[in-house]
Amino acid sequence: MIPDRMKRVNEACREALGEILQGEMKDPRVGFVTVTKVEVSPDLHQAKVWVSILGNEEEVEETLAALEKAKGFLRRELGQWVRLRYTPELKIFLDRGAEISEKVQDILHILEEARMNTPQEVAQALAKAGRIAASSHVNPDGDSVGSLVALTMALEGIGKSVHSCLPDPESYPPQYDFLPGRDRLLQEARFPDDMEVFVALDCSNFDRLEAVRPYAETVPTLINVDHHEDNQKYGTMNLVDARASSTSELVFKIIKAGGWQITPDIATCLYTGLLTDTGRFQHQNTSPETFSIASELADAGADIFRVAREVYESESLAYTRLLGLALERATLLDESGLIYSFITREDLEETGAVLAETEDMIDHLRAVRGAKIVALLKELKDGRVRVSLRTREDHQVGPIARLMGGGGHALAAGYTSDKDIEGSLEDLLNALENAR
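Just so we're aligned, residue 1 is where the sequence shown starts under full-length UniProt numbering, counting upward by one.
Structure (structure tokens):
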């Protein structure tokens, strides 16, 4: 078994060589090379480097010859990228397995898409059901709340008995109090026993349902509607599309597929989900289709001006004071480009703010010049710490969040740590260091 330290060294060398080949070498023959694996000897004197090469046999041989000729250059550059006490000699091998693996992955991706349910199929399943339960994830945001309330109203509009709630109803974010139809959400995380369908919205994994998961497990049909790239496809039906800007976008497609009415109230809720999950249409998950759907929602009567005003221009004085504390203790680490801050339970008590208000606080840190990765640590009631991560397009935080037991998107992710703020920050810094 390879020790954890050597695994990190191997991965760091693999990533570095990949960057060097793509960015530092001028030889056009290496433009189609992928470093698939690196094995560094324990004494650091040798490194076996496996590469896959796109091209015919003649092009592969020419590229291998170019790599052999460039080994000295590659070794010198590697020494600059990865600081080891000794930079290993490189031995380069052709990885034929990568070609096979890539084809297999392509086939699996096609098969997975074929197995995915369509908005039409989900709409049909909901139309056939008489009694429907629905919920979304813990630590709700504009997309989870907006999609949940919108779907509830749409189903009620076609005569369905719908019971919807959040896993923790008390965690409802006050900035979404204005949403029409929010009073339809149950004030307790409890459902009747005779539901036919359970709809999980915006939950990348089943555990995100927390308190309502045990109930969801008992319902005959579980419909999983989500847009996270790391979704675990846990439903009996799965409508998962990582290309969608938001779960609200997918709920819009379900409603359209069913031919159900989109009232101004439903449109307002769905528009809230689109607006907030795209960061006011500024994040990379914003597509031409997103704008097209937003336009349809505006035509349907969405109160787009009120949504923007209530969500982004209506902060409580208590939250403003809490934001001041977080910004005052913000720290930027120049060597990594990480900017971080934290919120304690004592901060909440001192200011009178509630944690649910802090959804967009991290964006203030993200706007700091020089920040590449942003982390906001929030102490929860039970002493655990919620770590929210954001980054820009040239970095990814999704893999780090998944490594720490969480999930999310490439540019926006999070996880919960069992340690206190100091310990959670230390773990995050170590994870970022190992990922470099």
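Ideal Cβ positions, reconstructed from N, Cα and C, are used throughout, including at glycine.
Taking a cut-off of 8 Å on C-beta distances, the stretch 81–98 does not touch the stretch 220–237, as fewer than three cross pairs fall below it. The C-beta distance from alanine 375 to tyrosine 340 rounds to 4 Å, short enough to meet the 8 Å contact threshold.
Residue state for leucine 380 is assigned as coil, using DSSP reduced to three classes. Assignment of beta strand (DSSP E) within the UniProt domain "DHHA1" (357–434), counting only whole runs of 3 or more residues, yields 373–379, 385–391, 412–417 in chain order. Counted as a single uninterrupted DSSP element, the alpha helix (DSSP H) harbouring lysine 128 occupies residues 119–128. With respect to the 8 Å criterion, valine 138 and glutamate 210 are classified as neighbours on the basis of their beta carbons. Counting the other Cβ atoms within 10 Å of the Cβ of aspartate 193 gives fewer than 16, which makes it exposed. With respect to aspartate 226, serine 204 sits close: the two C-beta atoms are nearer than 8 Å. For threonine 221, the enclosing beta strand (DSSP E) has its first and last residue at 221–226.
Here the stretch 409–421 lies against the stretch 380–392, with 3 or more beta-carbon pairs under 8 Å apart. Per the C-alpha coordinates, the member of Glu39, Tyr312, Ile293 positioned closest to arginine 280 is Tyr312. Judged by DSSP secondary structure, tryptophan 81 falls within the alpha helix (DSSP H) whose first and last residues are 71–81.
By the C-beta density criterion, histidine 45 is exposed, having fewer than 16 other C-beta atoms within 10 angstroms.
Taking 8 Å as the cut-off, the Cβ atoms of lysine 160 and glycine 130 count as close. The beta carbon of leucine 17 lies closer than 6 Å to those of Val35 in the same chain, with the five residues before and after it left out. Leaving aside the five residues that flank phenylalanine 93 on each side, the residues in its chain whose CB is nearer than 8 Å to its CB run, in chain order, Lys48, Val49, Trp50, Val51. The alpha-carbon of leucine 270 is positioned some 10 Å away from that of isoleucine 262.
Contact between leucine 151 and leucine 201 is confirmed by a C-beta separation of about 7 Å, below the 8 Å threshold.
In the DSSP assignment, no residue is bridged to lysine 253. Residue pairing by DSSP puts tyrosine 340 in a beta bridge opposite Thr331, Ala375.
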